[in-house]
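Take a look at the structure set out below.
There are 2 protein chains.
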Amino acid sequence: MTISRIAILDDDPAIREHLTEIVTSCPEYDLAGSAPTIARARDLVVRKQPDLVLVDVGLPDGSGVDFIGFVKQQSRARVLMITSFGDRETVVSALEAGADGYLLKDSSPAVILDGIAATLAGGAPISPSAASYLLERLQGDVPQRAQPDNPDAAPLTAREVELLQLFARGMSYKEAARALDISPLTVGNHVKSIYRKLAVHSRGEAVFAAVRQGQLKMG
Amino acid sequence: MTISRIAILDDDPAIREHLTEIVTSCPEYDLAGSAPTIARARDLVVRKQPDLVLVDVGLPDGSGVDFIGFVKQQSRARVLMITSFGDRETVVSALEAGADGYLLKDSSPAVILDGIAATLAGGAPISPSAASYLLERLQGDVPQRAQPDNPDAAPLTAREVELLQLFARGMSYKEAARALDISPLTVGNHVKSIYRKLAVHSRGEAVFAAVRQGQLKMG
DNA sequence: AACGACTTGCCATGTTTATGGCATGACCGG
DNA sequence: CCGGTCATGCCATAAACATGGCAAGTCGTT
Chain L
1 MTISRIAILD DDPAIREHLT EIVTSCPEYD LAGSAPTIAR ARDLVVRKQP
51 DLVLVDVGLP DGSGVDFIGF VKQQSRARVL MITSFGDRET VVSALEAGAD
101 GYLLKDSSPA VILDGIAATL AGGAPISPSA ASYLLERLQG DVPQRAQPDN
151 PDAAPLTARE VELLQLFARG MSYKEAARAL DISPLTVGNH VKSIYRKLAV
201 HSRGEAVFAA VRQGQLKMG
Chain F
1001 MTISRIAILD DDPAIREHLT EIVTSCPEYD LAGSAPTIAR ARDLVVRKQP
1051 DLVLVDVGLP DGSGVDFIGF VKQQSRARVL MITSFGDRET VVSALEAGAD
1101 GYLLKDSSPA VILDGIAATL AGGAPISPSA ASYLLERLQG DVPQRAQPDN
1151 PDAAPLTARE VELLQLFARG MSYKEAARAL DISPLTVGNH VKSIYRKLAV
1201 HSRGEAVFAA VRQGQLKMG
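What follows is the structure, encoded as structure tokens:
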């Protein structure tokens, strides 16, 4: 594993130093540079092409959020927000802009190091209080259809899902049977199971129910 | 601050014990109970009304994901997933179903304790590798697979969509006809139009195609 | 070894679909 | 006013489907 090169964007000298220490204390990270302003950070990113940029939000010459887009456009660097701004607006807009993680500044050095490692590994470290805004979105979009719970609960078997896919693509019993190399009569039996599990009585209803429950994906 | 009461749902006795130790080692948490199956966990949640439930995904009698809805419906407990299932599908569906956090089982006891505290405090602890799936959604801006566009492009009429909805809910021609107060024979004519427009030959295929094209919504 | 599940196979019967063609009235844009 | 689309209606038929019951072999779990 090669050494990862990290850049820092924060206007507070004390915090820059703090982050610098955290980064350089780790043998597998080098500091590619640190900048107090977005303007200088642009330079840094373009010239040094770091692997990861730690970004604050409140900068003298603008918001760190606006800087994210630049980074993503000009390099392949990952972006980890480390800031004290924990409001919904900032969190969501930063992540929408392409940030790969969002840590609050009260995070311990250990958490920050973990976060850096996770980001470089393709993960997305997000402080719990920030993540809750994400969930609001996700859950808000989907108004919670809680199923009335079939008594005969419904995990379809692989075979059954396979059949539903064929039906969704328009196959008849006979065609599906040929596709799976089984008897059309067996297809009928699988269909019985599917109908029982989904509590339905036709292929149209079954396909719909399966899609709704996420047991049948579209491609 | 009163003591928080926590319940555990996990089929592995060793893990139950592990989590029990973590929870009870902390003076501000009590163990409200632990269950190896969804069935027993339902009981637990209803009777003890814990403040937080730690839930695994792979249970003998179903997926922990399906259990989330029950918890949310029957109590005000928060739900923290602690599982080794880190795949996109599971993560997203769990969080959509209402989970308040998602930690992978390789998390250290300290991380789990932090996660429990954060969840009870209204936060949403999410392991970085799981959170990356959330960001995909947010940043992906819904990539919207572009359709190859049928030559006989297909805006279904209101009537046709109406019919498809009834089919998706399992109605036969006759039933749909009664529901719409038209002749079953007319239903057949609408079906012909639908099939032509969607280029399909069965209700199953039609429902699937319509859902995929966003012309048929689920509810 | 026994139990449950998934998968496979068959029979039989009544119902429903899929698809062709043909026709009327309403309505809208050119 | 004419052409097109929409919604409505009817006839007919071969094919496919929905559903019941029955059974054997392979699993993994108990």
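Chains as they are written, first to last, in our numbering: chain L, 1 to 219; chain F, 1001 to 1219. Think of the CB as a built atom: it goes at the ideal place given N, C-alpha and C, for glycine as much as any other residue. All figures in this text were calculated on a predicted structure; none of them were measured in a lab.
Enclosing beta strand (DSSP E) for residue i [first to last residue]
i: L/A35; result: 29-35
i: F/G1005; result: Inspection of the sequence shows that residue 1005 of chain F is occupied by Arg rather than by Gly. F/R1005 -> beta strand (DSSP E) spans 1004-1009.
i: L/G101; result: 101-104
C-beta atoms of residue i and residue j nearer than 8 Å
i: F/R1016; j: F/S1004; result: no
i: L/L120; j: L/R78; result: yes
i: L/D56; j: L/L95; result: no
i: F/L1103; j: F/P1125; result: yes
i: L/L134; j: F/L1134; result: yes
i: L/L156; j: L/I112; result: no
i: F/T1101; j: F/G1115; result: For clarity, residue 1101 of chain F is Gly in the given sequence; the question names Thr instead. The answer is yes: Cβ separation under 8 Å.
i: L/A179; j: L/L198; result: no
i: L/Q213; j: L/V161; result: no
i: L/P50; j: L/I6; result: yes
i: F/H1190; j: L/G170; result: no
i: F/A1228; j: F/V1091; result: Residue 1228 of chain F lies beyond the residue range present for chain F, which begins at 1001 and ends at 1219; the question has no answer from this structure.
i: F/A1158; j: F/F1167; result: no
i: F/L1164; j: F/V1187; result: no
i: L/A97; j: L/I68; result: yes
i: F/D1011; j: F/T1037; result: yes
i: L/P184; j: L/K174; result: yes
Residues bridged to residue i [DSSP beta-bridge criterion]
i: F/M1081; result: F/V1055, F/Y1102
i: F/I1126; result: L/I126, F/Y1102
Limits of the unbroken alpha helix (DSSP H) element including residue i
i: F/K1072; result: 1064-1074
i: L/P109; result: 109-120
i: L/S93; result: 88-97
i: F/K1048; result: 1038-1048
i: L/G23; result: It is Val, not Gly, that sits at residue 23 of chain L in the sequence shown. Segment 13-24, the alpha helix (DSSP H) holding L/V23.
i: L/G214; result: Element bounds for L/G214: n/a, residue is neither H nor E.
Query raised in the report: How about the region 205-218 of chain L and the region 1052-1060 of chain F: do they share at least three Cβ pairs that are nearer than 8 Å?
Result: no
Query raised in the report: Do the region 1071-1078 of chain F and the region 1022-1030 of chain F touch if we need at least three Cβ pairs shorter than 8 Å?
Result: Judged by Cβ distances under 8 Å, the region 1071-1078 of chain F makes no contact with the region 1022-1030 of chain F, as fewer than three pairs qualify.
**Report entry** the region 34-49 of chain L / the region 80-96 of chain L touching (three or more Cβ pairs under 8 Å)
**Finding:** no
Query raised in the report: In the region 1159-1192 of chain F, which residue ranges form an unbroken alpha helix (DSSP H) of at least 4 residues, counting only runs that do not cross its ends?
Result: Counting whole runs of 4 or more residues, the region 1159-1192 of chain F contains the alpha helix (DSSP H) stretches 1173-1180.
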